[in-house]
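With my numbering, letter number 381 in the sequence shown gets 491, and the count goes up by one each step, no holes.
First up is the structure itself, then whatever we jot down about it.
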Amino acid sequence: MASVLVASNRGPVSYTVRDDGELEARRGGGGLVSGLSAISSEDGLWVCAALGDGDREAVRRGVAETGVRMLDIAPDVYADAYNGIANSVLWFLHHHLYDIPREPVFDAAFRRRWESYRAYNHAFAEALAEAADDSAAVLVQDYHLALVPGQLRELRPDLRIAHFTHTPWASPQYLRLLPEDVREELLWGMLGADELGFHTWGWATSFLSGAQIDGPEGTAEPFLRSSDPWRGVKHRKGGADRSTRVAAYPLGVDGDELLSLAHRPEVDERLAALRAEVGDRKTIVRVDRTELSKNILRGLLAYRELLTTHPEWQHRVVHLASAYPSRQDLEVYRSYTTAVRELADRINDAFGTPDWTPVLVSVQDDFTRSLAAYRLADVALVNPVRDGMNLVAKEIPVVSEAGCALVLSREAGAYEELGKDALTVNPYDVTETAEALHRALSMPPADRTERTKRLAAAATALPPQRWFLSQLEALRS
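Set out below in structure tokens:
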């Protein structure tokens, strides 16, 4: 039995089957992995889904890393829940990215997939209920598992339950695109928690603004307690009155760990190779997954406009763009990744010369190259159309060796903490972004140095372990 449990779609370890039939484990990284390391494996348990054949084989063989339980959910149920609902409905909903004349379409196929999403969430709820000791603390992660708190509350009303959403939360108007019964089921799922966490008060307020229910199952009404920043939702369901607290925990980066990673020998080698390609030119660096929300295409258009309207930067700047392929099993993501490659090629064809390649784009998962680019960055471009946080905006100022100017979208969660020391832009305004890039490249060194110091301080204010433990402490209190 465990006293602290974390639930997420992806776990801290994944397995592959080697040619000799043996299983090989690979540890993951990120804020959750770092945060949970603050909890002893004897007291903590991470419940996650088996994502591939190697993970499922590990479940079948009973191979279990201490403190981790993988759920072997039926592949068709998982596909409908993960790609059919989480990534094709909820992700688009929270990022406001639907092509409204064509999407969404809530038909019989959607209802079938929603049943799979409900079953997928219930598998997690049952596993957590079974593994938790009396009054355990359970921290559920992200929109993939939005129904788990409510389902778990029904199974184990004695538990303390939190849910953290790593994306934005949809505005009330966008949330009402959902069929009414589905919208209420989603909200009741979230309101099963004692506490709901978001990266920013902006996203928390979006949740509160849309958390009104007056239906056959019960009622819910947001409120702000007068005694300080206690915000939440009062609700009544099944004759029981409860309240759910809503709070903001802006995830930061571990500066020491990040700098250690960025100065490994393999990163030094990659940095030397990039310097040889770039020469003495200035650099504009971006690192993203090829997700539709990251706005990579408009970033490239802004760079093209910079070279057109400020030709003095031709031959004097290089755009280092890392675009990690994301969700390539969905056609819309494959076509977006192709469009990124093609636009970069057109910019190079239009402006490039034998001794200058304007865009050096890497469309592969290459963290070593990204860290090397961080160190080389004179300007960081982070221009998402909507983003829960965006840790790249925090990582580059910490790692950049000469200091960097940050061009930041006002729609990134990081804007709340970093906006005053960044050059902020409307992510849809290509011209404004091009001018911000010009100002960033032209920024006096002393100004850039001071801004970078303040950006790095804000970026490291709530590193992963403290981020995780602060939620745990709030839940237990």
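Yeah, the Cβ is synthetic: ideal placement off N, Cα and C, and Gly gets one too.
Note that the structure is predicted; figures quoted are calculated from it, not measured.
Excluding the 5 residues flanking residue i on each side, which residues of the same chain have their C-beta closer than 6 Å to its C-beta?
i, result
"valine 320", "Before going on, a small fix: residue 320 reads as glycine here, not valine. Answer for glycine 320: Pro282 and Leu285, listed in chain order."
"glutamate 401", "Ser436"
"aspartate 243", "Met111 and Ser113"
"alanine 515", "Val489, Ala550, Met553 and Arg558"
"alanine 135", "Val123 and Tyr125"
"glycine 325", "Glu294"
"aspartate 475", "Tyr434"
"threonine 478", "Glu376, Val377 and Arg380"
"histidine 276", "Asp252 and Gly498"
"leucine 269", "Ala242, Ala246 and Val248"
"phenylalanine 274", "Gln251 and Gly307"
Contact check, residue i vs residue j under 8 Å by CB: the rounded distance?
i, j, result
"asparagine 405", "valine 502", "Wrong, their Cβ atoms sit about 12 Å apart, outside the cutoff."
"leucine 306", "asparagine 119", "Wrong, their Cβ atoms sit about 18 Å apart, outside the cutoff."
"valine 187", "glycine 164", "Between glycine 164 and valine 187 the Cβ distance is about 19 Å, and since that is not below 8 Å, they are no contact."
"leucine 287", "proline 332", "No, leucine 287 and proline 332 are not in contact; Cβ-Cβ is about 20 Å, not under 8 Å."
"leucine 547", "leucine 369", "26 Å between Cβ atoms; not a contact."
"alanine 272", "glutamine 581", "6 Å"
"lysine 563", "valine 363", "15 Å between Cβ atoms; not a contact."
"valine 258", "glycine 299", "7 Å"
"tyrosine 227", "aspartate 252", "Contact flag wrong, Cβ pair sits at about 13 Å."
"arginine 266", "alanine 233", "That pair is no contact at about 15 Å."
On the CB-based measure, 16 or more other CB atoms within 10 Å of its CB, does residue i come out buried or exposed?
i, result
"proline 278", "buried"
"glutamate 295", "buried"
"serine 480", "buried"
"valine 593", "Within the shown structure, residues of the chain are numbered from 111 to 587, placing residue 593 beyond reach of any answer."
"serine 403", "buried"
"aspartate 398", "buried"
"isoleucine 210", "exposed"
"phenylalanine 237", "One point to set straight first is that residue 237 is alanine, not phenylalanine, in the sequence displayed. It is buried - the Cβ of alanine 237 has at least 16 other Cβ atoms within 10 Å."
"glycine 260", "buried"
"aspartate 531", "buried"
"arginine 520", "exposed"
"leucine 203", "buried"
"arginine 396", "buried"
"tyrosine 446", "buried"
"tryptophan 156", "buried"
"glutamate 545", "buried"
"leucine 491", "buried"
Output needed for residue i: all residues of its chain with C-beta closer than 7 Å, excluding positions within five of it in sequence on either side, in chain order.
i, result
"alanine 568", "Glu527 and Leu528"
"alanine 584", "Glu305 and Ala357"
"glutamate 511", "Arg485"
"tryptophan 423", "Leu416, Leu417 and Leu551"
"arginine 166", "Ala160 and Asp182"
"arginine 352", "His345"
"valine 540", "Arg408, Leu411, Ala412 and Glu415"
"arginine 391", "Arg426, Val427 and Val428"
Starting from the C-beta of residue i, find all residues in its chain whose C-beta is less than 8 Å away, skip the five residues before and the five after it, and write them out in chain order.
i, result
"arginine 451", "Val471 and Val473"
"alanine 449", "Leu407"
"glycine 365", "Val508, Ala566, Ala569, Thr570 and Pro573"
"valine 469", "Leu410, Tyr413, Val428, His429, Ala431, Ala454, Ile457 and Asn458"
"threonine 393", "Val427, Val428, His429, Leu430, Ala483, Leu486, Ala487, Asp488 and Val489"
"leucine 133", "Tyr125, Thr126, Val127, Gly164, Glu167, Ala168, Arg171 and Val173"
"glutamate 542", "Val535 and Asn536"
"serine 198", "Leu440"
"glycine 523", "Pro278, His309, Thr310, Gly312, Trp313, Pro360, Asp497, Gly498, Met499 and Asn500"
"glutamate 387", "Val428, Thr467 and Leu470"
"glycine 138", "Arg120, Gly121, Pro122, Val123 and Ser124"
"proline 289", "Phe216"
Assign residue i to one of three DSSP states: helix, strand, or coil.
i, result
"histidine 588", "The chain is shown only over 111 to 587; residue 588 falls outside these bounds and no answer can be derived."
"glycine 409", "helix"
"tryptophan 100", "Lying outside 111 to 587, the shown extent of the chain, residue 100 is not represented and no answer is given."
"glycine 342", "strand"
"glutamate 590", "There is simply no residue 590 to check, as the chain begins at 111 and stops at 587 in what is shown."
"tyrosine 125", "strand"
"valine 215", "coil"
"tyrosine 434", "strand"
"aspartate 497", "strand"
"proline 421", "helix"
"leucine 115", "strand"
"alanine 449", "helix"
"leucine 296", "helix"
"leucine 133", "strand"
"leucine 334", "strand"
"arginine 222", "helix"
Answer yes or no: does any C-beta atom of chain D fall closer than 8 Å to that of residue i?
i, result
"alanine 386", "Judged by its chain identifiers, the structure shown contains no chain D, having just a single protein chain."
Check whether the Cβ of residue i sits closer than 7 Å to any heavy atom of the ligand PLP, and report yes or no.
i, result
"glutamate 542", "Absence of the ligand PLP from the depicted structure is noted, as is the absence of any ligand whatsoever, leaving it without description."
In chain order, what are the residue ranges of uninterrupted beta strand (DSSP E) at least 3 long that sit wholly in the stretch 143-204?
154-159 and 178-181
Going along the chain, which unbroken runs of the alpha helix (DSSP H) with 4 or more residues stay wholly within the stretch 298-329?
311-320
Unbroken beta strand (DSSP E) runs of length 3 or more, entirely within the stretch 227-263: which are they?
242-251
Segments assigned beta strand (DSSP E), at least 3 residues, entirely inside the stretch 344-391
Here the runs fully enclosed are 350-358.
Please list the segments of the beta strand (DSSP E) lying wholly inside the stretch 480-531, counting only runs of 3 or more residues, in order along the chain.
489-492 and 515-519
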